[in-house]
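Enquirer:
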Amino acid sequence: MDGTDDAGNPQGMALYGHERRESNGEEELIKYEKESYARIGVMPRYGDAESIKWFQVQPYCTFHLINAYEDGDEVVVRGCRASESIIPGPEHGLDKFKWFSRGLTFREIEEEYCDDHKDNLEEGFLFSRLYEWRLNIKNGCVRERYLTGREFSMDFPMINENFIGLRNKFAYVQVVDSAASSNCALPMYGSLVKFSFGEVDKISGRQQMIKVEHHQLGANQFCTGSAFVPRPCGSEEDDGWIISYVHNEKTNISQVHIIDTKRFESEAVAKITLPQRVPYGFHGTFIKTPA
Numbered sequence: 151m152d153g154t155d156d157a158g159n160p161q162g163m164a165l166y167g168h169e170r171r172e173s174n175g176e177e178e179l180i181k182y183e184k185e186s187y188a189r190i191g192v193m194p195r196y197g198d199a200e201s202i203k204w205f206q207v208q209p210y211c212t213f214h215l216i217n218a219y220e221d222g223d224e225v226v227v228r229g230c231r232a233s234e235s236i237i238p239g240p241e242h243g244l245d246k247f248k249w250f251s252r253g254l255t256f257r258e259i260e261e262e263y264c265d266d267h268k269d270n271l272e273e274g275f276l277f278s279r280l281y282e283w284r285l286n287i288k289n290g291c292v293r294e295r296y297l298t299g300r301e302f303s304m305d306f307p308m309i310n311e312n313f314i315g316l317r318n319k320f321a322y323v324q325v326v327d328s329a330a331s332s333n334c335a336l337p338m339y340g341s342l343v344k345f346s347f348g349e350v351d352k353i354s355g356r357q358q359m360i361k362v363e364h365h366q367l368g369a370n371q372f373c374t375g376s377a378f379v380p381r382p383c384g385s386e387e388d389d390g391w392i393i394s395y396v397h398n399e400k401t402n403i404s405q406v407h408i409i410d411t412k413r414f415e416s417e418a419v420a421k422i423t424l425p426q427r428v429p430y431g432f433h434g435t436f437i438k439t440p441a
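Heads up: the sequence shown begins at 151 in the numbering used here, then just goes up one per residue.
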């Protein structure tokens, strides 16, 4: 999403900060302006500001994109899309536990909570789903759609990085445990999902338009900092592993889980116990040892 500064210059930001908000003591310094417009800018790799082409899209909040690639006259962009921002959090006067619960689930509105904030509370406003934008470079048209339903919320996507900028078949995300997140008023990720873009979900009753595989971490276990590691000399895009930090809230033990992405729904192939905890929210990557 983008906006403009006071001089009318384009800014690629969904969050706006202004010192006047902080000074009045009633508003957060940073605010997500959902009433504003949204655009996606496409710039040639070796282009400049004048070469950017802007596409008007439906207002949204996306912190992490999965990938983007060219398909004929279209640039295909996929990411995790929610209707509002989880940052900076609930507005002054709102209970943060109810705010998280309200934002991460699709339930009937609690009247006693919403009477004073009806305009601020859309059902599942923090629920992040897989989304696709198709931006036609030739005619400026945009086609956009959800690729998943309301069965789970997600973020922190990852792919085989050898396919960045290319048409990829697979992606992986951390999945929100809505109940645990509501209880602690922080996003908690209790499982992982593998998406197969070239296959259709054939399970009756599910809303996904693409094939989805789940890897469950188990009761009281939550992950952070997941990364995809390709198998050396692997011949296929999904030949590799997901490596993730996993913490058990009951035993207070932290581990590194290594998951074979070819057998994604199976148990982790290795679990390495750590001498200390890795806090939630840390981002992860994998750096191989130079040959």
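By construction, the Cβ of each residue, glycine as well, lies at the ideal position given by its N, Cα and C atoms. It should be emphasised that the depicted structure is a prediction, and the values quoted were computed from it without experimental measurement.
Roughly how many angstroms separate the alpha carbons of P194 and I287, rounded to a whole number?
Expert: Each residue's Cα considered, the two are about 11 angstroms apart.
Enquirer: Of the choices I422, K400, L342, D223, whose alpha-carbon is the least far from that of V192?
Expert: Looking at the Cα atoms, D223 is the closest of the given residues.
Enquirer: Do three or more CB pairs link the stretch 345-352 to the stretch 319-326 at distances below 8 angstroms?
Expert: Enough Cβ pairs lie closer than 8 angstroms, so yes.
Enquirer: Where DSSP assigns a beta bridge to I409, which residues make up the other side?
Expert: Looking at the DSSP assignment, I409 forms a beta bridge with I392.
Enquirer: Would you please state the rounded distance, in angstroms, between the beta carbons of L254 and S303? I believe it to be under 8 angstroms.
Expert: Confirmed, about 6 angstroms.
Enquirer: So, V325 versus G375, is the Cβ gap smaller than 8 angstroms?
Expert: Cβ atoms of V325 and G375: not closer than 8 angstroms.
Enquirer: By DSSP, does S331 sit in helix, in strand, or in coil?
Expert: Reduced to three states, the DSSP call for S331 is helix.
Enquirer: When the Cα of T411 is compared with those of Q371, G299, M308, P337, which residue comes out closest?
Expert: Considering only alpha carbons, the answer is M308.
Enquirer: Tell me where the beta strand (DSSP E) around R279 begins and ends.
Expert: 279-286 is the extent of the beta strand (DSSP E) around R279.
Enquirer: Would you say W283 and V323 are within 8 angstroms of each other, going by their C-beta atoms?
Expert: It is not a contact, given that the beta carbons lie outside the stated cut-off.
Enquirer: Whose C-alpha, out of V292, L367, I409, N333, is nearest the C-alpha of R381?
Expert: Selected option, being the one with the closest Cα: I409.
Enquirer: Would you please state the rounded distance, in angstroms, between the beta carbons of F313 and Y339? I believe it to be under 8 angstroms.
Expert: About 23 angstroms separates the two Cβ atoms, so there is no contact after all.
Enquirer: Can you tell me where the beta strand (DSSP E) with Y296 in it begins and where it stops?
Expert: Taken as a continuous stretch (DSSP letters only), the beta strand (DSSP E) holding Y296 covers 292-296.
Enquirer: State yes or no: is the C-beta of F275 within less than 8 angstroms of the C-beta of S233?
Expert: Closer than 8 angstroms, so yes.
Enquirer: Taking the straight line between their C-alpha atoms, what separation do you get for I236 and N217?
Expert: One C-alpha to the other measures close to 22 angstroms.
Enquirer: Can you have a look at E258 and say buried or exposed, based on whether 16 or more other CB atoms are within 10 angstroms of its CB?
Expert: Residue placement at E258 is poorly supported in this model, since its pLDDT is 41, which falls under 50; the coordinates are not used for a value here.
Enquirer: For the beta strand (DSSP E) containing I190, list its first residue and its last residue.
Expert: Element bounds for I190: 188-192.
Enquirer: Confirm, please, whether the CB-CB distance from F378 to N310 is below 8 angstroms.
Expert: In this structure, F378 lies closer than 8 angstroms to N310 by Cβ.
Enquirer: Under three-state DSSP, which class holds A199?
Expert: A199: helix per DSSP, three-state reduction.
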